[in-house]
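Inspection log for the structure reproduced underneath, given as structure tokens.
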Amino acid sequence: MADDRDQKTERATPRRREDARKKGQVARSQELNTALILLLGAVVLYATGPAASSCLRDVFSRCFTTFIRQQVTAPEAARMLGSIGTSTMAAMGPLLAGVFIAAAFASYCQVGFVVSGEALGPKFERLDPVKGLGRLFSMKSVVKLGTALAKVAVVAGAGYLYVRYRKDDFAPLLHCSVPAIYELMCRWCFELVLVIAFAFLLIAAADYAFQRYDFERDIRMSKEELREEMKRSEGDPLVKSRVRRIQREMANRRMMTDVPKADVVVRNPTHYAVALRYQPGRKMAPVVVAKGMNLVAQRILEIAREHDVPEVENKPLAQTLYKTVEIGGEIPPALYRAVAEVLAYVYRLKAGKTARS
668 MADDRDQKTE
678 RATPRRREDA
688 RKKGQVARSQ
698 ELNTALILLL
708 GAVVLYATGP
718 AASSCLRDVF
728 SRCFTTFIRQ
738 QVTAPEAARM
748 LGSIGTSTMA
758 AMGPLLAGVF
768 IAAAFASYCQ
778 VGFVVSGEAL
788 GPKFERLDPV
798 KGLGRLFSMK
808 SVVKLGTALA
818 KVAVVAGAGY
828 LYVRYRKDDF
838 APLLHCSVPA
848 IYELMCRWCF
858 ELVLVIAFAF
868 LLIAAADYAF
878 QRYDFERDIR
888 MSKEELREEM
898 KRSEGDPLVK
908 SRVRRIQREM
918 ANRRMMTDVP
928 KADVVVRNPT
938 HYAVALRYQP
948 GRKMAPVVVA
958 KGMNLVAQRI
968 LEIAREHDVP
978 EVENKPLAQT
988 LYKTVEIGGE
998 IPPALYRAVA
1008 EVLAYVYRLK
1018 AGKTARS
């Protein structure tokens, strides 16, 4: 049976990963949770075991001695149950807290903080018998079966090897007191659980590596899906081209309305045209209010002539201004001298016209 994932060859994009995360689809190994819970639970139980055992022993003692002799009324029963519950929670609280912390820590290390209700929703496509048969014989099912068999083998093997290692320590127990035997058995059980927990960690590491690999395969994209996502995220190229064209037209219209306000138009002779305006006291240097080349340059010159804006032909200056200064930007210090000579020439022309009139 062909796997649909084989047709998807492209790595998932950040957006695809985020969508999968929102759906609760993440790379996560349950075996890592099991191993950490077992490890931390054993450590907490070993550390708090004596105190918890003493507390529970006191609870049973009160139940079968003190409480049984008292007259049971509703208030007294409530008090007794409250006392038993408090003592039991005090005894088992550290262990439960340790298990909760281990589970939360294992999940956070794998996937971070993820809250998704979609993973709990019904998926009717899972009722398809054909797909169900495919999942039954999929690589994921084989890995799950292998992991379960490995855990059974680890528990059985660790138990056998540890008992074999301790076989010479059992005979002296015949001469020990009950408390001493109990203490030794607790310590040996703790050592055995630690061995099993560390073996589980190795299994969990291998399982997590497979889960990462399988997750990456699940979220891979086909070339068509990648193109569609790029269109959604970046926009249709045709629409973007039209938007850019409209923006250029609007910018050109705004630019043309500023040409009549210019002090001079520097040209080359018709290929480049740059309109400059200088406002002493408001700007430190002259500003480029419009610029263009070829047809746009010709349009700037036409508007300038209609409004009697002076023109100066200076090929090097026109090309340099067009290439280095944006519309609305001030000229750089390197061009101060050349632009100042042009403006001085224009001001002399205006002064001459005023004197003749």
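Yeah, the sequence shown ends on 1024 if you go by this note's numbering, and it's all consecutive.
Positions of the beta carbon are idealized from the N, C-alpha and C atoms, including for glycine.
Comparing alpha-carbon positions, which option in the options lies nearest residue i?
i    : options                    : result
I998 : K958, E969, V963 and P977  : K958
C856 : P742, G716 and K928        : G716
P927 : E850, P977 and D686        : P977
V711 : G752, R729, C722 and A769  : A769
V956 : M922, E980 and L705        : M922
A758 : L748, L723, A741 and F727  : L723
R966 : K982, A745 and D925        : D925
S754 : A718, H974, T732 and D686  : A718
N981 : Y832, V809, A1007 and E973 : A1007
Excluding the five sequence neighbours on either side, which residues of its own chain have a C-beta within less than 7 Å of the C-beta of residue i, listed in chain order?
i    : result
A702 : A864, F867, L868 and A871
E883 : none
Y945 : D930, P953 and L1010
K950 : E997
F772 : L703
K675 : R887, M888 and S889
Just confirm the distance between the C-beta atoms of residue i and residue j, as a whole number of angstroms; I'd bet it's less than 8 Å.
i    : j    : result
A942 : A971 : 7 Å
A985 : N919 : At roughly 18 Å, the Cβ-Cβ gap does not stay under 8 Å, so A985 and N919 are not in contact.
L859 : A817 : 18 Å between Cβ atoms; not a contact.
L968 : A940 : 5 Å
G708 : G760 : Incorrect: roughly 13 Å between the Cβ atoms, too far for contact.
L988 : V933 : 6 Å
S750 : N700 : Rounded, the Cβ-Cβ distance is 34 Å, inconsistent with contact.
L840 : L851 : 7 Å
Which of the three DSSP states, helix, strand or coil, is assigned to residue i?
i    : result
V931 : strand
R693 : Here residue 693 turns out to be Val, not Arg, going by the sequence shown. If DSSP states are grouped into helix, strand and coil, V693 belongs with coil.
A957 : strand
Y939 : strand
E993 : coil
M747 : helix
P999 : coil
R949 : coil
V979 : strand
R729 : helix
R944 : strand
Closer than 6 Å by C-beta to residue i: which residues in its own chain qualify, once you throw out the five before and the five after it? Chain order, please.
i     : result
A1005 : L984
L893  : E677
Please go through the same chain and pick out, in chain order, the residues whose beta-carbon is closer than 8 Å to the beta-carbon of residue i, but skip the five residues on each side of it.
i     : result
E896  : T680, R682, R683 and M888
V979  : V931, V932, V933, R934, V1009, Y1012 and V1013
I994  : A918, M922, V955, V956, A957 and K958
M661  : Because the chain here runs from 668 to 1024, residue 661 falls outside it and cannot be looked at.
Q692  : A786, F882, D885 and I886
R879  : A694
Y829  : W855, E858, L859 and V862
L705  : V860, I863, A864 and F867
Y1003 : A952
Please indicate yes or no: does the CB of residue i lie closer than 6 Å to some heavy atom of the ligand MG?
i    : result
H842 : For the structure depicted, the ligand MG is absent and the ligand set is empty, with no information on it obtainable.
Quick check: the stretch 682 to 697 against the stretch 873 to 883, are there 3 or more CB pairs under 8 Å?
With a cut-off of 8 Å, the stretch 873 to 883 and the stretch 682 to 697 count as touching, because enough Cβ pairs lie within range.
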